[in-house]
Amino acid sequence: METLLQVKDLVKYYPVYSRGIVTKKVVGNVHAVDHITFEVKKGETVGLVGESGCGKTTTGKLILNLEKATSGSVLFDGFDVFKTFRKGSKEEKSRLRRSMQMVFQNPYASLDPRMTVFDIISEPFKIHRHLPKEEWGEQVYKLLDMVGLEPYHAERYPHEFSGGQRQRICIARAIAVNPKFIVADEPVSSLDVSIRAQILNLMLDLQKRLGISYLYISHDLSSVRQISHRVIVMYLGEIVESAPTEKHFEHPLHPYTRALISAVPIPDPAKKMDIILLPGEVPSPINPPSGCRFHPRCQYATPKCSSEKPALIEIDRDHFVSCHYAFNFL
Amino acid sequence: MVNSEQPNGKNENATRRSASQWAVAWRRFKKHKSGLFGLGMIVILVFIAVFHSFIAPYPPGSLDPLYEGEAGQPPSWKHPFGTTIGGSDVYSELIHGSVWTLYVAIIATVIAMLITMVVGISSGYLGGYIDDILMRITEVFLVFPSLLLILVFSRIYQLMNPEPFWKFLGISIPVNLTTIVLIVALFAWAGNARVIRGEVMALKEKEFIQAAKSLGASSRWIMLRHILPNVLPQTIVIATLTMASAVLIEAVVSFLGFGDINTNTWGRMMEESFQYMSTTWWAEVFPGLAVFLTVLAFNLVGDGISDALNPRLRE
Amino acid sequence: MSMNLLEIENLKTYFFTEAGVVKALDGVTFNVEKGCTIGLVGESGSGKSVTAQSVLRIVPRPGRIVGGKILFNGEDILAKKESEMRSYRGKKISLIFQDPTSSLNPVFTIGNQLSDIVMQHNRVKKDEAAEAVVKALKLVKLPDPEEALTRYPHQFSGGMKQRICIARALLLNPDLLFADEPTTNLDVTIQAQIIALLVDLQKNIGLTLVMITHDMGIVTQMCKCVVVLYAGKVMEIGSIEKIFEMPHPYTEALLKAVPRLDQTRKLISIPGNIPNLIEPPSGCRFHPRCQYAVERCKEEVPPLQDVGGGHMISCHRWRELNGG
């Protein structure tokens, strides 16, 4: 498969200020995203997993240039994303914007309450004007149909819809510009359990029909398994493991991934959990631990782990792990 | 792949018309008794102002009662609110004065709100050094003792002896009163701009703004299409309250003797009759009552709108 | 049955809103056995939180309990005076909330706000109260409990705050603890810690625990017995094994719609949306979304019937679907 998106050495630090009366002084950095590198192939879904504060949402926003990266680069379909948004032509910017979209976590906050559904879905047409005006209406109804909504919904306001329907509207808006790539940031975690499957199935269906690639950001490993071809686990701004889905869930190698997977309760009385309880909590990203960032919570940690940062290396075919002792778990 | 499920189990609502948030708010406002009462008073005030020359028995500034020997008369059938010592009909003057009251309320509020919105939205949305600069300026306007400055500025301007009226499209505009209105407006926006800025900053973090950004919308587009409509309800509430305070401040300025002698506003009427209050109390009380009711009406409407837009605050 | 700590019978709690009467709980019946952990499962609007609020009689306005019976240790809670009720809350029945951050007061130290509770209920001196607090904090395995007394809520992480909330709920040794989605706002690894803690506490101090959650996984791993709620009605009550073996059509649909970590499979989604409780569907409330629904389901409310071994089902077609 062809590579669509390449993230190279991406870094985002948020400076921490101590505020004087007039001056601001930088006293430290929040290491939100720290030198991460990965790829997304055409028509593929990559699941980006991690606990709150691990930098997964920031990564999504950096790729779309909704936040300015500190350093690193993102190559998308032949474009250097950051360069294009900085000094590309209007035409190039518009084309790049249209090929990458985002679906947000909270469908209640991601629709403008004062616009009708028609206005919301046709907004991208108004911004980019890549379609003649006569086609807007037809296009909106086609999109509504694609996400499983009725034509009469177009005249309604967002507050009249349930969470699942709103998320459908958000998806319709995202695919209105024919994107090749969608960052889906926890698209189902604020929905009810019985509704989640509807949205996940819709995403899979759209992927099949339109060949869209997803970066599926989530803390819910079960849904990640359902939808992703490949899973990347982040911890404190760094990638600790990256593997094809089957391998990831059946043979996780990094101690953190193993603890994460063991902690998810399985709805089956025949499968009693064997939880690997991690001691303590995620350390502050302002002063991340030295060496391997996971070492203070790792039961296998040795002095080497606190002094030397492990590299992300290919341990098994297409299975990347950042741990000094990954071979021992193989 | 199964994807044909109807997200709406039934289609029973297919024909129901959808109500915009404005329609919903209006429905709620209609249930708000004091708000409706205020709105009724304002409608009457506007009606009076528009048809003042037909309603009032005497033209503005008319001294006919004096010539009829009826100066300083208490309220009677002929002069419902009595006459002043100077010999004018209080009832007629009040009706003519309503035009100036609305003039003050509307012009001051429009100008103040324009500054409020521009400063509030750009400061809140753009942030950074634009925010820093605008907020420092706002703070300057907030800490000045505004009433004192209004008095000083209007007196200085009057001492420069400008033309009493400007002709603009055939309408004569009272120069001094307009100056007062402008100064009032200049000191009425700062607090409001901070309120709007706060609202905008909260909105900015909402995901639909992020969504618009990821669709490629420019800052201008987002501010006009998303931010502005969403702060509009708040703006309307603020505007109504600003009208009330503009009317009040003009009345105070005029009452203190700093008003425009070429226009007979309610505040000016009160100032002129003040020294004769022990004899002709009606010439003082009725204009005072008019100011009071007008300010009350605007405040009630503002309150009503605010409740209609934030239903959760009730109960 | 004298073993039941809590018996809820035909409980009805309605919310009288501007838009109409929301029938949040419409005839809910179930029992909680002493020393047992039961799961109260449902989606938003199923009435699972309102059940806990009703038992504690803290239903927020405009909600009101309009009918039914709640027996706690054989005593009718709904007949109690408000002043009597106050001594029940915390002392006999306790509640942990979903969001630990907003359920701790940010301006008081942990020691202050927790020992206040002790002093309010038991007339004890300040240092005695502090001792009780430290004991409770030790129970929930908060590191450095003495030190924690002098600290403020914001100085703790989410998981630690939830531990403090649990300690607060256990301060007065209640018999019954409602845990209302206690792990929903926490990360997976922290969720595992809290679940392990609750399981431990339940075993060690013989607590009766009602675990309110939407996560079938948590219920399966923690509870022996489950009550499944949907739109203010009990759909099914039974042991975990029974529920997985022969579930109610709603439970079955839910289990098929939830992604599982241990397998990749096609999710079969439940069509439609959660019903509006002002005008709930007629008959069985799940019928508009149920794949087995027939005409009868639309017309007749199915009763909650024992189908054997304490397994209660509210469905017209369950017997027929499960082979007679």
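Chains as they are written, first to last, in the working numbering: chain X, 132 to 461; chain V, -12 to 302; chain D, 1147 to 1470.
Even glycine gets a Cβ: it sits at the ideal position worked out from N, Cα and C.
It should be emphasised that the depicted structure is a prediction, and the values quoted were computed from it without experimental measurement.
Could you compute how far the alpha carbon of residue i sits from the alpha carbon of residue j?
i: V:Ser(-9); j: D:Thr1197; result: A caution first: V:Ser(-9) carries a pLDDT of 36, below 50, which makes its placement in the model too unreliable to give a value.
i: D:Lys1139; j: D:Pro1291; result: Nothing can be reported for residue 1139 of chain D, as the shown portion of chain D is limited to 1147 through 1470.
i: X:Phe256; j: X:Val308; result: 8 Å
i: D:Val1178; j: X:Thr388; result: 37 Å
i: V:Thr266; j: V:Ala58; result: 12 Å
i: D:Ser1415; j: D:Lys1237; result: 43 Å
i: X:Tyr145; j: X:Lys402; result: 43 Å
i: V:Met264; j: V:Ile214; result: 51 Å
i: D:Gly1454; j: D:Met1392; result: 11 Å
i: V:Asp294; j: D:Leu1413; result: 45 Å
i: X:Cys436; j: X:Ala457; result: 12 Å
i: X:Asn332; j: X:Ser354; result: 11 Å
i: V:Glu194; j: V:Ala99; result: 30 Å
i: X:Leu335; j: X:Thr376; result: 15 Å
i: X:Pro383; j: X:Lys187; result: 19 Å
i: X:Ile302; j: X:Gln236; result: 11 Å
i: V:Asp119; j: X:Glu198; result: 21 Å
i: X:His162; j: X:Pro419; result: 8 Å
i: D:Val1253; j: D:Lys1307; result: 14 Å
i: D:Lys1272; j: D:Gln1301; result: 23 Å
Excluding five sequence neighbours on each side, which residues of the same chain lie with their C-beta closer than 8 Å to the C-beta of residue i?
i: V:Gln60; result: Pro52, His66, Gly69, Thr70
i: V:Ile292; result: Ala12, Phe16, Gly22, Pro220, Ile223, Val224, Thr227
i: D:Val1452; result: The amino acid occupying residue 1452 of chain D in the given sequence is Asp; Val does not appear at that position. Result list for D:Asp1452: Met1458, in chain order.
i: V:Asn(-5); result: For V:Asn(-5), the predicted structure reports a pLDDT of 41, less than 50, and the residue's modelled location is therefore unreliable. A value from the coordinates is still provided. None.
i: D:Gly1418; result: Pro1434, Arg1435
Excluding the 5 residues flanking residue i on each side, which residues of the same chain have their C-beta closer than 6 Å to its C-beta?
i: V:Thr2; result: At V:Thr2, the pLDDT of 42 sits below 50, so the modelled position is not reliable and the matter cannot be decided from this model.
i: V:Pro315; result: This structure cannot speak to residue 315 of chain V, because chain V is shown only from -12 to 302.
i: V:Asn251; result: Glu80, Gly84
i: X:Gln232; result: Ala305, Pro310, Ile313
i: V:Leu26; result: Val288
i: V:Ala284; result: Gly25, Met28, Ile29
Could you pull the DSSP bridge partners for residue i from this structure?
i: X:Gln547; result: In the structure displayed, chain X extends from 132 to 461; residue 547 of chain X sits before or after that span and is not available.
i: V:Trp153; result: V:Ile160
i: V:Arg14; result: In DSSP, V:Arg14 forms no bridge with anything.
i: D:Cys1371; result: D:Ile1184, D:Ser1385
i: X:Lys156; result: X:Ser149
i: D:Asn1150; result: D:Glu1179
i: X:Val234; result: X:Ala315
i: V:Pro62; result: Looking at the DSSP assignment, V:Pro62 forms no beta bridge with any residue, so it has no partner.
i: V:Val283; result: The sequence as given places Leu at residue 283 of chain V; Val does not occur at that position. According to DSSP, which records beta bridges pairwise, V:Leu283 is partnered with nothing at all.
i: D:Gln1451; result: D:Ile1459
In chain order, what residues of the same chain lie with their CB nearer than 7 Å to the CB of residue i, ignoring the 5 residues before and after it?
i: X:Gln329; result: Gly295
i: X:Val142; result: Val164, Asp165, His166, Ala200, Thr201, Ser202, Gly203
i: V:Ile117; result: Ser109, Ser110
i: D:Asp1245; result: Asn1331
i: V:Gly115; result: none
i: D:Ala1275; result: Ser1261, Val1264, Met1265
i: D:Cys1369; result: Thr1183, Ile1184, Gly1185, Met1357, Ile1386
Mind checking whether the beta-carbon of residue i lies closer than 7 Å to any heavy atom of the ligand FMN?
i: V:Val171; result: Among the ligands in the structure shown, none appear at all, so the ligand FMN cannot be discussed.
Do the stretch 1295 to 1302 of chain D and the stretch 1209 to 1228 of chain D meet, that is, are 3 or more Cβ pairs less than 8 Å apart?
No, they do not touch.
Three CB pairs or more closer than 8 Å across the stretch 22 to 42 of chain V and the stretch 76 to 83 of chain V
When Cβ pairs closer than 8 Å are counted between the two stretches, the stretch 22 to 42 of chain V is seen to touch the stretch 76 to 83 of chain V, the count reaching three or more.
Touch check for the stretch 1172 to 1190 of chain D and the stretch 1380 to 1389 of chain D: three-plus C-beta pairs under 8 Å?
Contact between the stretch 1172 to 1190 of chain D and the stretch 1380 to 1389 of chain D is present, because at least three Cβ pairs lie under 8 Å.
Closer than 8 Å is the cut-off here; do at least three beta carbon pairs connect the stretch 224 to 231 of chain X with the stretch 243 to 254 of chain X?
No, the stretch 224 to 231 of chain X is not in contact with the stretch 243 to 254 of chain X.
Any 3 or more C-beta pairs closer than 8 Å across the stretch 1156 to 1170 of chain D and the stretch 1338 to 1355 of chain D:
By the C-beta criterion, the stretch 1156 to 1170 of chain D is judged not to be in contact with the stretch 1338 to 1355 of chain D, since fewer than 3 inter-stretch pairs fall below 8 Å.
Could you check whether the stretch 414 to 430 of chain X touches the stretch 353 to 373 of chain X, counting it as contact only if at least three pairs of C-beta atoms, one from each stretch, sit closer than 8 Å?
These segments touch.
Kindly confirm or deny that the stretch 390 to 404 of chain X and the stretch 1405 to 1414 of chain D touch, where touching means at least three C-beta pairs closer than 8 Å.
Yes, the stretch 390 to 404 of chain X is in contact with the stretch 1405 to 1414 of chain D.
Enumerate, from N- to C-terminal direction, the unbroken alpha helix (DSSP H) stretches of 4 or more residues contained entirely within the stretch 1173 to 1226 of chain D.
Counting only runs of 4 or more, we get 1194 to 1201.
Would you say the stretch 1260 to 1271 of chain D touches the stretch 1345 to 1360 of chain D, given that touching needs at least three Cβ pairs under 8 Å?
Touching, no, given that fewer than three Cβ pairs across the two stretches are closer than 8 Å.
Is it a yes or a no for the stretch 102 to 111 of chain V touching the stretch 172 to 179 of chain V, going by three-plus beta-carbon pairs under 8 Å?
Contact annotation: the stretch 102 to 111 of chain V touches the stretch 172 to 179 of chain V, with at least three C-beta pairs closer than 8 Å.
Assess contact between the stretch 1357 to 1376 of chain D and the stretch 1180 to 1187 of chain D, defined as three or more Cβ pairs (one per stretch) separated by less than 8 Å. Is contact present?
The stretch 1357 to 1376 of chain D makes contact with the stretch 1180 to 1187 of chain D; the number of CB pairs closer than 8 Å reaches 3 or more.
Length at least 3, wholly inside the stretch 386 to 443 of chain X: the beta strand (DSSP E) runs in chain order:
None, since the stretch 386 to 443 of chain X contains no complete beta strand (DSSP E) of that length.
Count the CB pairs spanning the stretch 342 to 356 of chain X and the stretch 441 to 458 of chain X that are closer than 8 Å, and state whether there are at least three.
As far as the Cβ criterion goes, the stretch 342 to 356 of chain X does not touch the stretch 441 to 458 of chain X, which means the pair count is below three.
Could you tell me which whole beta strand (DSSP E) segments of length 3 or greater appear in the stretch 1292 to 1369 of chain D?
Those beta strand (DSSP E) runs which fall completely within the stretch 1292 to 1369 of chain D and span 3+ residues are 1322 to 1326, 1354 to 1359.
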